[in-house]
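S.K.:
As C-alpha cells, this is what we get:
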C-alpha cells in the first residue's frame, strides 16, 4: 500500500472517523412521508382523472345533448384540433338544465354530505385548522359526483378546488389507515390538497407550494412542503400519463418575454387593476353567499335557483358556462373575432356574477379555476385596450394575460408565491418572472389582507388551533403550578365509607370532581372521582370504603412544575384536575384545574398586550415629539 500520497494519513483518519461516526440523522420522517406522499399522489392523480372524465361526461349529457352547445377546450386538451359550437341550438333550455343540475346537487349534498357544497378548498382549510385534519370518508365520492353535475350542467366553477378536496379527503382516510397522529393527519390533508390541484391543473411545483401557503393569509406551513411536493409530482405524473404533458393552456412561448424595463409600467397597472377586481369579486361572492344562507327556503332548492339564474346569463353569454377555460384560450390566441374587447369586459362582469350564483347558492365547484379565468380575461382586456391606444405594442397580449391571471389569483387566494410558480410552469420558464413578481405583490398588498376568497384562512400560525400549543408554551413555561394552585378541601381518609364521604361533601358544598385520598400525614394514596360514588346502590354505600375504589398512583404535579408541563399532563390524559404535591415532603398541598390554568394564562396574555400597547403608544409619542422638534429647528433656522 502506498503511503507517499499527499495527505495520506489525513485521508485514512477521515475514513476511520467516518466509519466510527454515529449518524444522528433521522431518516424515518423522510421514509414515512415519501411513502405516504407517493400513495397520496397516486390516489390524487387517479381521482383527478376520474373527475375530469366525469365532468366531460355530464357536459356532453347536459350541454351538448340537452342544448346543442359544445364549449371550446383549452390548448392542453385539444389533441391538435379545436371543436366547439358558437350557436346554442336550444338556448331556452339553458335555465332549465342549469336549474336541474343545481337541484340534483342540492339533493345530493343535503342528504349525504353538506360539507361537499361550495368550493372545496375552503372546506379543506377548515378541516386543517379546526377539525384536526378529519374529513369524512364519504366526502371524496360525494364531491366528485356533485361537482361533475354542477360544472357539467353549466354551473360556473373550476375542477381544481374539487380535485383538491377529493384528494385531501383521501389523505384524511390514508392518515387514519396509517394511524397518523393529529398533526400528521393535517399534513396528509394538506399534501392531498396540493396533489389534487397540481395534478388536474398540471402545475406540480405550484400545487405543492400552494398546499403550504393557502392555509394562511400572511404565513407558510413549512411542514407540508416536502410531503406536498412528493404527492403533487406523483399525481401530476399519473394524470399526465393519461392526458399528456402539455400545460393546460397553449402559450405562444416565442412571444412571451420581458425585454424592456418600461414594460413594468404596464405590469404595475395590471397589478393595481387585478387588486381592484379581486376586491369586487370576493365581495360579490360573499354578498350573494350570505344572502342565500339567510333566506328561508329548503336548502336543496337554493342551488337550483342559482342554476336558473346562471342559465339565463348563459343564453346571452355562453362564455360563463362551465370552467370557461376554452374561452380564455381563445383570448390567449388573440381571436378578436370571437373575443373583442367589449365582450371581454362583459364576460369579466358576468363570470364573477355566475360564479357567485353557482357556488354561493350551494353548488359544488371550485373558485380556483374561475379566478384564473377572470384574471386572464382582465389581462386580455388591459392588453387589448393598450394596443388599441397604440401603447406598449411591443408586449404581446398573451404575456399580459399570464401576468394578470397570476396576480389576480395571488390577490384573491392570498397565495402570491405559489401563484408566481404556477405562472412559470404555465409558460415553461422564467421569461415573465419579473413582471409576475411585480404585478402579483402589488395586487396582493393592495387588495388587503382580509380580502380573501377563502374565509377559513387565518392570518398566521399563531391564530391556528393547529399551532396553538407552540405559541402558548413560551408563556406557560415561565409560570408555575404554585401560581395557579387551588386549596385542597377534599382530602379524606381511605377508611371512610361512600356514605360518609357523600355526607361530608354535601356539608362542605364541595364542587370538585375528584376526592384526594390521603393518610394521616397528607401523603397521597389515590384519588376517587365523584361520579364513582353514585355507581353503588344505597344499601352498599355504608360498607364500601374509599380504599377499595380509589385509583392508585394517580397523575399529579409538583408545585414547582411549569404550567406547560401541567397542561400537557392534564390534556394528554383527558383530566380536568389533578393533585399538587410539595417538592419537599410529597404532601398534598392543593389541586390544579384546567380552568384555573387557562384563567392565569389569559391574565398573563392581557398583561403582555397592555405592555405592548403602552410601548407602541410611547413610541408614537416619541416620534411625534421628534417631528415637533425637527419642525421647530427648521422654523428657527428659517428665521
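Numbering (my numbering), first residue to last: 688 to 1326. Backbone N, C-alpha and C define an ideal beta-carbon position, used for all residues, glycine too.
By DSSP, does residue 681 sit in helix, in strand, or in coil?
M.R.: Since the first residue of the chain shown is 688 and the last is 1326, residue 681 is not available in this structure.
S.K.: Quick one, which of 975, 1112 and 1120 has its alpha-carbon nearest residue 932's?
M.R.: Taking the chain shown and counting its residues from 1, the one referred to as residue 932 is at position 245. Taking only the C-alpha atoms, the option nearest residue 932 is 1112.
S.K.: Are the CB atoms of residue 895 and residue 907 within a distance shorter than 8 Å?
M.R.: Residue 907 sits at position 220 when you count from the first residue of the chain shown. Residue 895 sits at position 208 when you count from the first residue of the chain shown. For residue 907 and residue 895, no; Cβs fall outside 8 Å.
S.K.: Count the other C-beta atoms from every protein chain shown that fall within 10 angstroms of the C-beta of residue 1009, then say buried if there are 16 or more, exposed otherwise.
M.R.: Counting from one through the chain shown, the residue named residue 1009 turns up at place 322. So residue 1009 counts as buried.
S.K.: State the CB to CB distance for the pair residue 788 and residue 836, rounded to an integer number of angstroms; the pair is presumed to be in contact (CB under 8 Å).
M.R.: Working through the chain shown from its first residue, we reach residue 788 at position 101. Working through the chain shown from its first residue, we reach residue 836 at position 149. 5 Å between Cβ atoms; contact.
S.K.: Output the distance between the C-alpha atoms of residue 1294 and residue 1287, rounded to the nearest integer angstrom.
M.R.: As a working note, residue 1294 is residue 607 in the chain shown. As a working note, residue 1287 is residue 600 in the chain shown. The alpha-carbon atoms of residue 1294 and residue 1287 are separated by roughly 11 Å.
S.K.: Measure the CB-CB distance between residue 1130 and residue 911 and report whether it falls below 8 Å.
M.R.: Here residue 1130 refers to the residue found at position 443 of the chain shown. Here residue 911 refers to the residue found at position 224 of the chain shown. Contact flag unset, no.
S.K.: So, is residue 1206 buried or exposed, given that buried needs 16 or more other C-beta atoms within 10 angstroms?
M.R.: As a first step, residue 1206 must be located in the chain shown, where it is residue number 519. Classification for residue 1206: exposed.
S.K.: What first and last residue would you give for the alpha helix (DSSP H) that runs through residue 1276?
M.R.: Locating residue 1276 in the chain shown gives position 589, counting from the first residue. Where residue 1276 is concerned, there is no enclosing alpha helix (DSSP H), although the beta strand (DSSP E) it sits in stretches over 1275-1280.
S.K.: Please list, in chain order, all residues of the same chain as residue 1332 whose beta carbon is under 8 Å from its beta carbon, the five residues on each side excluded.
M.R.: Here the chain comprises residues numbered 688 to 1326, so residue 1332 is not present and cannot be evaluated.
S.K.: In or out: residue 1290 buried (at least 16 other Cβ within 10 Å) or exposed?
M.R.: Here residue 1290 corresponds to residue number 603 of the chain shown, with the count starting at 1. Counting Cβ neighbours within 10 Å, residue 1290 comes out exposed, since fewer than 16 surround it.
S.K.: What's the C-alpha gap between residue 1216 and residue 981?
M.R.: As a position in the chain shown, residue 1216 is number 529, starting the count at 1. As a position in the chain shown, residue 981 is number 294, starting the count at 1. C-alpha separation (whole angstroms): 46 Å.
S.K.: Given residue 1006, which residues of its chain have a CB within under 6 Å of its CB, disregarding the five upstream and five downstream residues?
M.R.: One-based indexing of the chain shown puts residue 1006 at position 319. Counting only Cβ-Cβ distances below 6 Å, and skipping sequence neighbours, we find 1014 and 1034.
S.K.: When DSSP labels each residue in this structure, what does residue 1026 get in the three-state scheme?
M.R.: Position 339 of the chain shown holds residue 1026. Three-state result, residue 1026: coil.
S.K.: Expressed to the nearest angstrom, what Euclidean distance is found between the alpha-carbon atoms of residue 637 and residue 805?
M.R.: No answer is possible for residue 637: the residues shown for the chain start at 688 and end at 1326.
S.K.: To the nearest whole angstrom, what separates the beta carbons of residue 1061 and residue 1028, a pair I think is in contact under 8 Å?
M.R.: Counting from 1 along the chain shown, the entry for residue 1061 is found at position 374. Counting from 1 along the chain shown, the entry for residue 1028 is found at position 341. No, residue 1061 and residue 1028 are not in contact; Cβ-Cβ is about 16 Å, not under 8 Å.
S.K.: Please confirm whether residue 1096 and residue 1106 have their CB atoms less than 8 Å apart.
M.R.: The residue labelled residue 1096 in the question sits at position 409 within the chain shown. The residue labelled residue 1106 in the question sits at position 419 within the chain shown. Yes. Within cutoff.
S.K.: Going along the chain, which unbroken runs of the beta strand (DSSP E) with 3 or more residues stay wholly within the segment 926-983?
M.R.: None, since the segment 926-983 contains no complete beta strand (DSSP E) of that length.
S.K.: For residue 1150 and residue 1143, what's the separation of their Cα atoms in angstroms?
M.R.: One-based indexing of the chain shown puts residue 1150 at position 463. One-based indexing of the chain shown puts residue 1143 at position 456. Going from the Cα of residue 1150 to the Cα of residue 1143 covers about 11 Å.
S.K.: In the structure shown, what three-state DSSP assignment does residue 1202 receive?
M.R.: Walking along the chain shown from the start, residue 1202 turns up at place 515. Here residue 1202 sits in strand by DSSP.
S.K.: Straight-line CA distance for residue 1186 to residue 1229?
M.R.: On the chain shown, position 499 is the one that residue 1186 refers to. On the chain shown, position 542 is the one that residue 1229 refers to. The alpha-carbon atoms of residue 1186 and residue 1229 are separated by roughly 5 Å.
S.K.: Determine the extent of the beta strand (DSSP E) in which residue 1213 is found, giving its start and end residues.
M.R.: The count along the chain shown starts at 1 and reaches residue 1213 at position 526. Element bounds for residue 1213: 1211-1216.
S.K.: Please list the terminal residues of the continuous alpha helix (DSSP H) segment that includes residue 896.
M.R.: Translated into the one-based positions of the chain shown, residue 896 becomes position 209. Element bounds for residue 896: 891-900.
S.K.: Check whether the Cβ atoms of residue 884 and residue 1079 sit closer than 8 Å, and answer yes or no.
M.R.: Position 197 of the chain shown, counted from the start, is the residue given in the question as residue 884. Position 392 of the chain shown, counted from the start, is the residue given in the question as residue 1079. Result no, Cβ atoms of residue 884 and residue 1079 do not sit closer than 8 Å.
S.K.: Roughly how many angstroms separate the alpha carbons of residue 1057 and residue 1098, rounded to a whole number?
M.R.: As a working mapping, residue 1057 is identified with position 370 in the chain shown. As a working mapping, residue 1098 is identified with position 411 in the chain shown. Going from the Cα of residue 1057 to the Cα of residue 1098 covers about 14 Å.
S.K.: Which residue's Cα is closest to the Cα of residue 1250: 1280, 1261, 751 and 1232?
M.R.: Taking the chain shown and counting its residues from 1, one reaches residue 1250 at position 563. Comparing Cα-Cα distances from residue 1250 to each of 1280, 1261, 751 and 1232, the minimum goes to 1280.
S.K.: Just reading off the alpha helix (DSSP H) that residue 1235 is part of, what are its end residues?
M.R.: The residue you call residue 1235 lines up with position 548 of the chain shown. Segment 1233-1236, the alpha helix (DSSP H) holding residue 1235.
S.K.: Just the Cα atoms here: how many angstroms apart are residue 1267 and residue 1179?
M.R.: Taking the chain shown and counting its residues from 1, one reaches residue 1267 at position 580. Taking the chain shown and counting its residues from 1, one reaches residue 1179 at position 492. Cα-Cα distance, rounded: 15 Å.
S.K.: Check the C-beta distance from residue 825 over to residue 799 and give it rounded, since I have them as a contact under 8 Å.
M.R.: Taking the chain shown and counting its residues from 1, the one referred to as residue 825 is at position 138. Taking the chain shown and counting its residues from 1, the one referred to as residue 799 is at position 112. The pair is a contact, with the Cβ atoms about 6 Å apart (cut-off 8 Å).
S.K.: Between the Cα of residue 1000 and those of 1191, 1236, 843 and 808, spot the shortest distance and give me the residue it belongs to.
M.R.: Position 313 of the chain shown, counted from the start, is the residue given in the question as residue 1000. The shortest C-alpha separation from residue 1000 is found at 843.
S.K.: Could you give the distance in angstroms between the alpha-carbon of residue 784 and the alpha-carbon of residue 1100?
M.R.: By one-based count along the chain shown, residue 784 stands at place 97. By one-based count along the chain shown, residue 1100 stands at place 413. Roughly 31 Å separates the two Cα atoms.
S.K.: Would you identify the three-state DSSP class for residue 710, choosing helix, strand or coil?
M.R.: Taking the chain shown and counting its residues from 1, the one referred to as residue 710 is at position 23. The predicted position of residue 710 is uncertain, since its pLDDT is 40 and thus under 50; a value taken from the coordinates is nonetheless stated next. Correct three-state label for residue 710: coil.
S.K.: Could you tell me the alpha carbon to alpha carbon distance between residue 651 and residue 1036, rounded to whole angstroms?
M.R.: There is no way to answer for residue 651, as the model of the chain reaches only from 688 to 1326.
S.K.: Could you tell me whether the segment 870-880 touches the segment 1040-1053, using the rule of 3 or more Cβ pairs below 8 Å?
M.R.: Output reads no: the segment 1040-1053 does not touch the segment 870-880.
S.K.: Run through the DSSP bridge pairs and tell me what residue 1249 is partnered with.
M.R.: Within the chain shown, numbered from 1, the residue matching residue 1249 stands at position 562. Paired residues: 1167.
S.K.: Is residue 1268 helix, strand or coil when you go by DSSP?
M.R.: Locating residue 1268 in the chain shown gives position 581, counting from the first residue. In this structure, residue 1268 counts as strand in the three-state DSSP scheme.
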